[in-house]
Ligand SMILES: Nc1nc2c([nH]c(=O)n2[C@H]2C[C@H](O)[C@@H](COP(=O)(O)OP(=O)(O)OP(=O)(O)O)O2)c(=O)[nH]1
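Residue numbers (the working numbering): -12 to 169.
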């Protein structure tokens, strides 16, 4: 039931980011991703988006959990999150201007810098766990009037990637909070 996916393509100490031409996060650096298509699994969809947006095909894809959010107490949304590891010697010349924005390798330290106002606001906190912790998390982000208030990571089962029933059970907690069931 999550609509989006996101992937952080990692080469050594760098991540391939996209400076987005369009909303959401227009003008900011973010991972690569988009919307799942009908009947696609999260992994199939991620592989398609990576290919469409970067043409990269040679990587090891790790499921890192989900990023969910509520805005102003409702408007639940979310995305499946992945890290794709390419070899340190992988050649991919950037910057590249695409219809979606500008692709470029960014140093992890630069992305995480406390004074960096150019990245999606929940990216540093979520990326830190995705890169440095082997578990899968639900990175729940609470927004109020467009500003990130809180990032609440909760451990989730890694089978959430493939087990639709497990996902539906898990999402009930958010749907119930919003006052409706599916
Ligand atoms: N880091 C971060 N990324 C987000 C958040 N919300 C959100 O939609 N995204 C990501 C998910 C997607 O990777 C991207 C939005 O995708 P998109 O706008 O390109 O989707 P689209 O409808 O154009 O789909 P597509 O044509 O690319 O398939 O932004 C957020 O709160 N934090």
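Here a beta-carbon is modelled for each residue, glycine too, at the ideal position from N, C-alpha and C.
Query: Cβ of residue 4 versus every heavy atom of ligand 1: is any distance shorter than 6 Å?; Result: no
Query: Would you say residue 126 and residue 54 are within 7 Å of each other, going by their C-beta atoms?; Result: yes
Query: Spell out a yes or no on whether the region 29 to 47 and the region 102 to 113 are touching, meaning 3 or more CB-CB pairs, one atom from each, closer than 8 Å.; Result: no
Query: Following the continuous alpha helix (DSSP H) through residue 98, name the residue where it begins and the one where it ends.; Result: 95 to 99
Query: Report yes if the C-beta of residue 89 is less than 6 Å from at least one heavy atom of ligand 1; otherwise report no.; Result: no
Query: Please report the straight-line C-alpha distance between residue 139 and residue 85, rounded to a whole angstrom.; Result: 33 Å
Query: So, helix, strand or coil for residue 12, using DSSP?; Result: coil
Query: Can you tell me whether residue 23 is buried or exposed? The criterion is at least 16 other CB atoms within 10 Å of its CB, across all chains shown.; Result: buried
Query: So the candidates are 26, 50 and 44; which of them puts its Cα closest to the Cα of residue 146?; Result: 50
Query: If distances are taken between C-alpha atoms only, which option among 4, 25 and 14 comes closest to residue 37?; Result: 4
Query: Less than 7 Å between the beta carbons of residue 207 and residue 0, yes or no?; Result: The shown model of the chain, from -12 to 169, leaves out residue 207, and the question about it has no answer.
Query: Around the C-beta of residue 104, are 16 or more other C-beta atoms found within 10 angstroms, so that it is buried, or is it exposed?; Result: exposed
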